[in-house]
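Engineer:
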C-alpha cells in the first residue's frame, strides 16, 4: 500500500506515530511561518503542518501544492494547538517529513465543495470531479448501504438472487424498447428488458419460490424531468402467496431499511384503496404526511345560482388549516398558480374562516348560512382557509391534488425528514389509451394494462372483462412514501386461458400473443404455481432516503433529459464497418 | 401463505402437527391399499400418504394426480413405517385430509430428474422445466452463495459497490460491441459495455478508493463453445496500491470463497511469471494440479542424424509418471490424437522407461547412452513414459501443453474436487494482431493490447515501447485455478502522456484517441491517483466451484452458440414502426 492510514482515521491516541497518507489537496493556507494543507480522501480530511523554521525545504514544497494535486506524505502525528471539533481528525495534524507529488492537477472547472459554483451541465460533463464532492459521494454510499440491507433482509427470508438476461426479446406492448441488432442473426434484434417480468414468472414456474434481483432496466421514453433511460429495480417474486403475504413481506423490507439505514422505526403501513386515494387525495400516490383531504362539495354548493358551481361536473374543496390570514395578494397569486396551463383551472374560490365568521370570494351568491354548510362539510375551524375548484371531474380532481400538495408545501407540512408510508391497493386492471406518447402510435385507441398484462384481475371482477373492462379491479398494489410511488406489484395470472383472455382484451391477435408471449403461456401448461411480486424503483428509493428531489445525484453516471451521457459524449456515431457487419443502414 | 411449511422442513418432532404444504407432484406410487405421492418444492420432497381403507375419496383423488401437477394438501404429520434415510424428511409422511389442485400439468418433454432424458436443445427450449431439476437449481443456489460471500468479503474491506451505466459509447478497439440505436439522438448509437473499465478508473479519479460491482458485460463474439454474449464479472478497482496489494486482497477473496462456500482451506497462492508458465506448461493458464512440466530437449537430442529433431525449431518432452505400461495400441491412438488438425503435430516420439531400461520409438537413432540423457533431462524413473513433440516453437509448445493436459486427464491427475490456484504475472503488454476474427478487420496488422489499453507497462520496460514493443512487460496478472483463467487485472496508467503514448503504439491517431477516450485522458489532468484492479469471470468461477466444465448450467437463461435464447426465441424481427422511429433500415 502507498499509505499506512487513511485521511479519516487518525486520532489523539495516534500521537507520535509515524504515518504515510495519500490523497488530494483540498486547500492550503500559507500563514508565513506555518503552512497548513488539508489532505482529503474518501474517508476524511487530515491537516498537514509545515513549519518554515523547522524545515524550510518541506515548507517550500508545500507552498507549491495546488488544489487537487495527488500527494503522498510521511510524517509524525502531533497534537494540534487549535483543535477543530467539527472534524473527527481535528485533534491532530501531521508534521510532514517527506512529500511526494503522485500527480499534478489543473484547476477544476468548479470548486470541489458541498456548495459548489458549478452548474448542472458543467457538473455532468465533469462528473468524475463532481463525484469528488463529499455530498455526492455520500449519496452513493447511501445507495450502497440500501442495496446491502435489501440483500441482507431478503437473504434472511430465503430469497435467492437470480440474474436474468439483458439481451431479450422486443415486446412492444408496454413502453418503447431499446433494441440491439444481432450480427449473428441477420436482421434480427434483441431488446433490453423494461423489467425481468416474464423471467421472474418463469422462475416461479421453475419452483424457485422466492426470487429477487437488484437489476438494471431500460425504457426508451421521451424523458420527463427525473427519468432515466436506464434505471435500477429491486425486483422480487414469490410463490404460493396471496396479496396479503406480499404486502407483509415487503412492508417488512421497508421497515428494515428505515431502521437500519435511517435509524427510524416506522409504524405499520395503512392500506388505502385506489378509489379512496382518488377520492380523498385526487391521486393514486397520496402524500399522507398531512391530511387536507379533498371534500366533494357538489351537493353542498348547489342551487344558489352560482353558475360556475351549478354547471360543474365536480366541485372540490380543501381546508388549509391556519391559512385564514392569507392576504388578498397571496390568494391572487394562488389563483394564477391554478390557472397555469399545467393545471388549467378556470379560477379559484376561497373562503376565510376567522373568529368573525366566514367570508368567501363569492359572497354575492352564498350567505352566512350557506357558508356555514361549507364549513361543516370541510370541517373548518376559525383560522382556516377553504379553497374550492370546479369543473370536469378528471381535470378538477387532478388540479385539486396539485393545489393540496402546493398548500402542503407552503404550510410546511411536507418535511422531507418525516416519512409517511402506505399501500394503495385495488387498482383498476385496465386503462384506455387515448394516445400515450410513450407508447407506439399503433397502440392508441385500445385498452392498456395499467400495471402490465400479467396482472391478475380480482376473481370476483373477471365477469366484467366482457361487459365493462374499465371497472375490473386488479390484485395490484403500490407502496407510496411521501407522495412518491416507490414500488408496485401484483398477483399474477397463472392460468393459460385467463392469460390468453387478457391478451385478447388488450387487442392482441392470437398470433401476436403466441409470437411474443408463447413461451410464457406454454410454461403455464406445465404446472404454474400461484405467484405474485413487486418491484421497487431503487433510484427513487435512494433519493427519498437521501431527502432529495432528484434521482440524478443518486446515480454515479446519469444521463441528461435527451438521454445523453455528457461526460463520455454518448450516444455517438459508429463506423460504417460496424453498421455493415450488422446489415443496417441509417438514414435522415 | 398458501402453506404452513415447506416440503423440506418436517421432521420426527413435528409428528401430530397439522400442516398445509404446496408443491409439485414428483411421482406417485399406487400400491393398491396405499397410494404415496412425493411432493416437491425448492426445499425438498415430502411423502404424502393416502390409505384406501381410511379415506377412499382422498385416495381416489390422489390417484388422479399426474407428474408436475401443482397441489395444496392439508394433513397430519405421522411417522413412517419404513423410513428413508436418504431424505431429510424421510422419517415422516403426511396423512392427507384435504387436497386441492392449484394447477394441472401436461407431460413434460423430459423427466424432471437429476439424470434427465432431455437433450441439450430440448432442455434449453424448456429451460423453465430444466430449472426444476434439483441439480440445476443447486448450481444457481451456489451462484447466489458465491455472490453473497463476495459482497461480504469486499464490504468488510471497505469496497463500495457502484453501478456503472449499461448504455455507454462504442470503443471498437477491443472485441466487437453490441450497439443500441438511439431514437432521441438520430443516427447515433449507444454501446453495451464489454467491461466497466473506464468508469471504474474514473471512480478512482473521483476518489472512491475501493470500488466493486457484480456486473453484466457484453461482447459480440463469434461464440466459441462455452462463451456467452452476456456474462457477469466481479469487477474491482483500488487506489493508492501496488500490484502486490491487489494480489493480496484478491487472494484473500479467493481463499474466503473457498472457505465459506466449499469449506476448503487453500494455501497461499504461488506466483509464476508468464515466461515460466509458457516455458514449463506451454500455456499462460497452467493447470498446476499436477507437475509433468515441459522439458526443452533440443540440446539433448541433437547430432544423432534424426532429421525430425535436428531440423525442428523446438523439441519438447513430458514425462508421464507411471505410464510406461502404455500399450502400443494406446500409443498409436495418442499419436493420432496429437495429429488431429486442432493440434497439428506431425508425429509423436515416445520412450518407455522400465526396470529393463529405456526403449524408444526411435531406437534406430538413439542408443542406450543417448536415451539415458533423455531420462536425465526429463527426470524419468522406471515406470515412466517420455513423450516428445518437435516442430515450430509456437505450435509445438501449444500442442505439448494440450498433450500434457490430456495425459493429466488420462492418468487421473485432474480431480475436479482438488483445487490448485496461482497468480501468473508479468504478462507482455502487447501482442501482434495477425487478424483476430473477434476484432474488426480494420484492426489487423497492428499491435493490440494483451490486457487492455489502460494497462501500465513495467516502468523499467517503458523505453522498449519504441525499440521492441513486443518485449515490454505489463504490470498485469491473472488468477488461474485448475488451468482456468478465473480473473485478470493490472495496474493502470494514470498519467495522461503515457496513456497518449499507449494509444499511439496501438495505432490510434490523436483524433481517434481523443474522440473515444478523451474523457479519460482529460480526467487524468485533474489529479488521478495511482490505481489498479481486477475482474473475475463470475460465470466461470461458479462452474469451477460447481465442479462442472460448462458455464451454461450456472446461468439461469443462457444463450446457445449462435447467441439465441431458444426459450423466448430471441433475437427476433421487430416491427417497421420500431425501425422507422429509430431511423434505421435493415437489408439482406
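Residue numbers (this note's numbering), protein chains in the order written: chain C, 1 to 588; chain B, 1 to 588. The beta carbon of each residue, even a glycine, is placed where N, CA and C say it ideally should be.
1. Does the beta carbon of residue 475 (chain B) come closer than 8 Å to any beta carbon on chain C?
2. With C-beta atoms as the reference, is residue 501 (chain C) less than 8 Å away from residue 465 (chain C)?
3. Cβ atoms of residue 78 (chain C) and residue 179 (chain B): under 8 Å apart, would you say?
4. Could you name each continuous alpha helix (DSSP H) segment of 4 residues or more that falls completely within the region 96-138 of chain B, going from the start of the chain to the end?
5. For the structure I just gave you, are there three or more beta carbon pairs, one from the region 148-164 of chain B and one from the region 199-215 of chain B, closer than 8 Å?
6. Applying a beta-carbon distance threshold of less than 8 Å, which residues of chain B neighbour residue 147 (chain C)?
7. Once the 5 residues before and after residue 129 (chain C) are set aside, which same chain residues still bring their CB inside 6 Å of it?
8. Answer with yes or no whether the minimum CB distance from residue 208 (chain C) to chain B is below 8 Å.
9. Taking Cβ positions only, does residue 251 (chain C) come closer than 8 Å to chain B?
10. Please classify residue 674 (chain B) as buried or exposed, where buried requires at least 16 neighbouring CB atoms within 10 angstroms.
11. Identify which residue in B:181, B:428, B:368 has its Cα closest to the Cα of residue 278 (chain B).
12. Using the beta-carbon of each residue, which ones in chain C are nearer than 9 Å to residue 437 (chain B)?
13. Taking 7 Å as the limit between beta carbons, can you name the residues of its chain near residue 371 (chain B), skipping five residues before and five after?
14. Closer than 7 Å by beta-carbon distance: list the chain C residues that pair up with residue 64 (chain B), in chain order.
15. Nearest by alpha-carbon distance to residue 517 (chain B): which of B:220, B:170, B:31, B:43 is it?
16. Whose CA, out of B:450, B:113, B:99, lies closest to the CA of residue 175 (chain B)?
17. Residues of chain B with CB closer than 7 Å to the CB of residue 220 (chain C), please, in chain order.
18. Would you check if the distance between the CB atom of residue 11 (chain C) and the CB atom of residue 23 (chain C) is smaller than 8 Å?
19. Mark residue 460 (chain C) as exposed unless 16 or more other C-beta atoms lie within 10 angstroms of its C-beta, in which case mark it buried.
20. In three-state DSSP terms, what is residue 543 (chain B)?
21. Find the residues of chain B that neighbour residue 144 (chain C), judging by a C-beta separation of less than 8 Å, and give them in chain order.
22. With DSSP as the reference, identify every bridge partner of residue 39 (chain C), one or two as the case may be.
23. Quick one: measure Cβ to Cβ for residue 239 (chain B) and residue 204 (chain B), integer angstroms, because I've assumed they're closer than 8 Å.
24. Where in the region 378-435 of chain C do unbroken runs of the alpha helix (DSSP H), each at least 4 residues long, occur, reported from the N-terminal end onward?
25. With distances taken between CB atoms, is the gap from residue 61 (chain B) to residue 75 (chain B) smaller than 8 Å?
26. For residue 565 (chain B), go through chain E and note every residue whose CB falls closer than 8 Å to its CB, in chain order.
27. Figure out for me which residue from C:332, C:436, C:554, C:300 has the closest Cα to the Cα of residue 369 (chain C).
28. Taking the straight line between their C-alpha atoms, what separation do you get for residue 425 (chain B) and residue 236 (chain C)?
29. Is there a C-beta anywhere in chain B that falls below 8 Å from the one on residue 122 (chain C)?
30. Output the distance between the C-alpha atoms of residue 388 (chain B) and residue 374 (chain B), rounded to the nearest integer angstrom.
31. If we define contact as Cβ-Cβ less than 8 Å, is residue 509 (chain C) a contact residue for chain B?
32. List the residues of chain C whose Cβ lies closer than 8 Å to the Cβ of residue 490 (chain B), in chain order.
33. Does the CB of residue 92 (chain B) have a neighbour CB from chain C at under 8 Å?
34. Label residue 106 (chain B) either buried or exposed according to how many other C-beta atoms from any shown protein chain fall within 10 Å of its C-beta, with 16 as the threshold for buried.
35. Nearest to residue 182 (chain B) by alpha carbon, out of C:50, C:223, C:145, C:184?
36. Is residue 318 (chain C) closer than 8 Å to residue 334 (chain C) when the C-beta atoms are compared?
Structural biologist: According to the structure data:
1. As a first step, residue 475 (chain B) must be located in the second chain, where it is residue number 475. It does not; no Cβ of chain C falls within 8 Å.
2. Residue 501 (chain C) sits at position 501 when you count from the first residue of the first chain. Residue 465 (chain C) sits at position 465 when you count from the first residue of the first chain. For residue 501 (chain C) and residue 465 (chain C), yes; Cβs fall inside 8 Å.
3. Counting from 1 along the second chain, the entry for residue 179 (chain B) is found at position 179. Counting from 1 along the first chain, the entry for residue 78 (chain C) is found at position 78. Cβ atoms of residue 179 (chain B) and residue 78 (chain C): not closer than 8 Å.
4. Entirely contained in the region 96-138 of chain B, the alpha helix (DSSP H) runs reaching 4 residues are, in chain order, 120-125, 127-130.
5. yes
6. As a first step, residue 147 (chain C) must be located in the first chain, where it is residue number 147. Chain order gives the chain B residues near residue 147 (chain C) as 161, where near means a beta carbon separation below 8 Å.
7. Counting from one through the first chain, the residue named residue 129 (chain C) turns up at place 129. Result list for residue 129 (chain C): 108, in chain order.
8. Locating residue 208 (chain C) in the first chain gives position 208, where the first residue counts as 1. Yes, residue 208 (chain C) lies at the interface with chain B (some Cβ there is under 8 Å from its Cβ).
9. Within the first chain, residue 251 (chain C) is the residue found at index 251, counting from 1. Judged by the 8 Å Cβ criterion, residue 251 (chain C) is not in contact with chain B.
10. Here chain B covers residues 1 to 588 and nothing more, so residue 674 (chain B) does not appear.
11. In the second chain, the residue the question calls residue 278 (chain B) occupies position 278. For the residues B:181, B:428, B:368, the minimum Cα distance to residue 278 (chain B) belongs to B:428.
12. Within the second chain, residue 437 (chain B) is the residue found at index 437, counting from 1. Here the premise fails: no neighbours, minimum Cβ distance about 12 Å.
13. Indexing the second chain from 1 puts residue 371 (chain B) at position 371. Hits under 7 Å: 351, 358, 360.
14. The residue labelled residue 64 (chain B) in the question sits at position 64 within the second chain. Per Cβ cutoff of 7 Å: no residues; residue 64 (chain B) is ~14 Å from chain C at best.
15. As a first step, residue 517 (chain B) is located in the second chain; it is residue number 517 there, counting from the start. Among B:220, B:170, B:31, B:43, the Cα nearest to that of residue 517 (chain B) is on B:170.
16. The count along the second chain starts at 1 and reaches residue 175 (chain B) at position 175. By alpha-carbon distance to residue 175 (chain B), the top candidate from B:450, B:113, B:99 is B:450.
17. On the first chain, position 220 is the one that residue 220 (chain C) refers to. What residue 220 (chain C) touches in chain B: 183.
18. Looking up residue 11 (chain C) in the first chain gives position 11. Looking up residue 23 (chain C) in the first chain gives position 23. Going by C-beta atoms, residue 11 (chain C) is not nearer than 8 Å to residue 23 (chain C).
19. In the first chain, residue 460 (chain C) corresponds to position 460, counting from 1. Looking at its Cβ environment, which holds fewer than 16 other Cβ atoms inside 10 Å, residue 460 (chain C) is exposed.
20. As a first step, residue 543 (chain B) must be located in the second chain, where it is residue number 543. DSSP places residue 543 (chain B) in helix when its eight states are reduced to three.
21. On the first chain, residue 144 (chain C) is found 144 positions in, with the first residue counted as 1. Here the neighbours are 160, 161, 162.
22. As a position in the first chain, residue 39 (chain C) is number 39, starting the count at 1. For residue 39 (chain C), which the question treats as bridged, DSSP gives the partners C:25, C:46.
23. In the second chain, counting from the first residue as 1, residue 239 (chain B) sits at position 239. In the second chain, counting from the first residue as 1, residue 204 (chain B) sits at position 204. Right, their Cβ atoms sit about 5 Å apart.
24. If we require 4 residues or more, the alpha helix (DSSP H) runs fully inside the region 378-435 of chain C come out as 393-410.
25. Reading the second chain from its first residue, position 61 is the one you call residue 61 (chain B). Reading the second chain from its first residue, position 75 is the one you call residue 75 (chain B). Going by C-beta atoms, residue 61 (chain B) is not nearer than 8 Å to residue 75 (chain B).
26. Considering every chain present, this structure includes no chain E. Its protein chains are C and B.
27. Counting from 1 along the first chain, the entry for residue 369 (chain C) is found at position 369. For the residues C:332, C:436, C:554, C:300, the minimum Cα distance to residue 369 (chain C) belongs to C:300.
28. Locating residue 425 (chain B) in the second chain gives position 425, counting from the first residue. Locating residue 236 (chain C) in the first chain gives position 236, counting from the first residue. Distance between the alpha carbons of residue 425 (chain B) and residue 236 (chain C): 42 Å.
29. Mapped onto the first chain, residue 122 (chain C) falls at position 122. Nearest CB-CB separation between residue 122 (chain C) and chain B: not below the 8 Å threshold.
30. Position 388 of the second chain, counting from 1, holds the residue named residue 388 (chain B). Position 374 of the second chain, counting from 1, holds the residue named residue 374 (chain B). If I take the Cα positions, the gap works out to 10 Å.
31. Position 509 of the first chain, counted from the start, is the residue given in the question as residue 509 (chain C). False, the Cβ-Cβ gap to chain B never drops below 8 Å.
32. In the second chain, residue 490 (chain B) corresponds to position 490, counting from 1. Simply none; closest approach about 17 Å.
33. Indexing the second chain from 1 puts residue 92 (chain B) at position 92. So, not an interface residue.
34. Indexing the second chain from 1 puts residue 106 (chain B) at position 106. Of the residues assessed, residue 106 (chain B) falls on the exposed side of the cut-off, its CB having fewer than 16 other CB atoms within 10 angstroms.
35. As a position in the second chain, residue 182 (chain B) is number 182, starting the count at 1. Comparing Cα positions, the closest option is C:223.
36. For the purposes of this step, residue 334 (chain C) is taken as residue 334 along the first chain, with counting starting at 1. For the purposes of this step, residue 318 (chain C) is taken as residue 318 along the first chain, with counting starting at 1. No, the pair does not count as a contact, with Cβ atoms beyond the cut-off.
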